[in-house]
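Here is the structure we will look at.
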Amino acid sequence: MLQTPSGGAGHGTTAADSGLMSIGAVLNALRDEFPDITISKIRFLESEGLVEPRRTPAGYRKFSAHDVERLGQVLRMQRDHYLPLKVIREHLDAMERGEAVPLPTLGRQRDGEPAPEPAEGPAAARIGREELLAAAGIDEQELKEWESYGLVTPLSDGAYDAESVTVASLVVQLGRFGIEPRHLRVMKAAADREAGLVDQVVAPLKRHRNPQTRAHAEARTKELAGLAVKLHAALVQTALGVRLP
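Each number in my numbering corresponds to the 1-based position in the sequence shown with 380 added.
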């Protein structure tokens, strides 16, 4: 659980006495669990409707313990499940209304296993550029660099698919070990070759006139993709002489 001190470096004794926290105090409360959290990200989550802090007459944000706990839930769902903010907001709002709703899942879980299909449908599996920047904790220049190496690619309308959040999170984590985006081009090239091999196998099914056959092609693509991912992981582990849990 998050520690939510009642004081903090706030403005005015009334807010402090009532247990409200300044944005700086919120940052400190969240930083132990989320080292990459920044004030700008907290402000962005507020702008996206994930949290609604009170405002003092002077315009300073004041967060309640509930606000801080909700921010923690948002950051946890981003980190552990790679969910777009729209999906997170709808899920938390439903929970606060007392509705029993399962946690939606998109992309891949942290253990690398394929996640169940999202209940929200295709619309939920998209994320905006600003949302991707906030989820990854990077700036515009870094995202452009990633795009130049093909690590993330926007869709035709400028949005991104949900898997881009997974890619962004992994690129950031690898960066902590000194592996820069330019070093990941070899992984991107290998992934493209693997995807091309899978596409060769399912291409005849995709071109079939029968809708059921085309649907079968999609299922076969997912099955082959899962096998390719497992084989790739096994080969990397064998080459390094390690065994992942």
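All residues carry an ideal CB built from backbone N, CA and C; glycine is no exception.
Helix or strand or just coil, what does DSSP make of residue i?
i, result
"residue 572", "helix"
"residue 443", "strand"
"residue 682", "This structure gives no information on residue 682, because the portion of the chain shown stretches from 381 to 625."
"residue 473", "helix"
"residue 403", "helix"
"residue 541", "strand"
"residue 587", "coil"
"residue 432", "coil"
"residue 490", "Confidence is the limiting factor: at residue 490 the pLDDT is only 44, short of 50, which leaves the residue's position unreliable and the question unanswerable from this model."
"residue 562", "helix"
"residue 506", "strand"
"residue 424", "helix"
"residue 520", "helix"
"residue 478", "coil"
"residue 448", "helix"
"residue 532", "coil"
"residue 455", "helix"
"residue 419", "helix"
"residue 332", "The structure shown has nothing for residue 332, since the chain only spans 381 to 625."
"residue 623", "coil"
"residue 483", "coil"
"residue 411", "helix"
Could you check whether residue j and residue i sit closer than 7 Å to each other, using their CB atoms as the reference points?
i, j, result
"residue 419", "residue 407", "yes"
"residue 441", "residue 433", "yes"
"residue 514", "residue 421", "yes"
"residue 468", "residue 454", "yes"
"residue 411", "residue 417", "yes"
"residue 597", "residue 581", "no"
"residue 465", "residue 510", "no"
"residue 506", "residue 474", "no"
"residue 593", "residue 585", "yes"
"residue 451", "residue 457", "no"
"residue 516", "residue 552", "yes"
Need the endpoints of the alpha helix (DSSP H) that residue i sits in, please.
i, result
"residue 612", "591-620"
"residue 515", "509-516"
"residue 463", "Note, residue 463: premise wrong, no alpha helix (DSSP H); not H, not E."
Contact between the stretch 559-567 and the stretch 526-546: three or more CB pairs below 8 Å?
-> Contact between the stretch 559-567 and the stretch 526-546 is established, with three or more Cβ pairs separated by less than 8 Å.
Is it a yes or a no for the stretch 543-558 touching the stretch 577-593, going by three-plus beta-carbon pairs under 8 Å?
-> With a cut-off of 8 Å on Cβ pairs, the stretch 543-558 is not in contact with the stretch 577-593, counting fewer than three such pairs.
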